[in-house]
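Worksheet: one structure, shown below.
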Amino acid sequence: MDEVQYLDLVLTEKSIRLLEKNQYTLNVDSGSTKTRIKNWIELFFNVRVIAINSYRPPEKRGKIGRIMRRRMRSRRMIITLKPGYSIPLFPQE
């Protein structure tokens with residue numbers, strides 16, 4: 001199975017509201033597909049994924065001196081888990 005190159009949890013006001021609906025928001029590599037992410041999450045976290053919605057946030061530009069640069073684009077995915085399953089966000093100590 002292909003490895004996921006980039007995966008980052010998003011914690012915003014909207015993503016925290018979505019946690020109540022058992023939905024998790026992740027930034028992933030722009031070349032990743034929904035099926036690859038679904039298979040990886042199901043194997044890694046031992047959960048069942050119902051649906052995945054994805055979109056590309058607007059591109060951000062930055063200026064370094066006189067040079068305008070674009071930041072790396074990523075894809076944002078909202079993953080809905082089956083009721084009764086959850087992903088541990090913060091490990092227990």
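Residues in the sequence shown are numbered consecutively from 1, following the UniProt record's numbering.
By construction, the Cβ of each residue, glycine as well, lies at the ideal position given by its N, Cα and C atoms.
* Asked: First and last residue of the beta strand (DSSP E) that includes N53?
  -> 49-55
* **Span separating the alpha-carbon of N53 from that of I64** => 34 Å
* Answer with buried or exposed for R56, where buried requires no fewer than 16 other C-beta atoms within 10 angstroms of its C-beta. => exposed
* Rounded to the nearest angstrom, how far is the Cβ of V28 from that of L81, given a contact under 8 Å? -> Their Cβ separation, rounded to whole angstroms, is 16 Å, which puts V28 and L81 out of contact at 8 Å.
* **Per DSSP, the bridge partner or partners of V28** => L7, R75
* Could you spell out the range, first to last residue, of the beta strand (DSSP E) harbouring K63? => 61-64
* Secondary structure of L81, DSSP reduced to three states -> strand
* Between the CA atoms of R73 and G62 - distance to the nearest angstrom -> Cα to Cα, the separation comes out at about 13 Å.
* Asked: Does the Cβ of I50 have 16 or more other Cβ atoms within 10 Å, making it buried, or fewer, making it exposed?
  -> exposed
* Cα-Cα separation between F44 and R66, rounded to whole angstroms -> 44 Å
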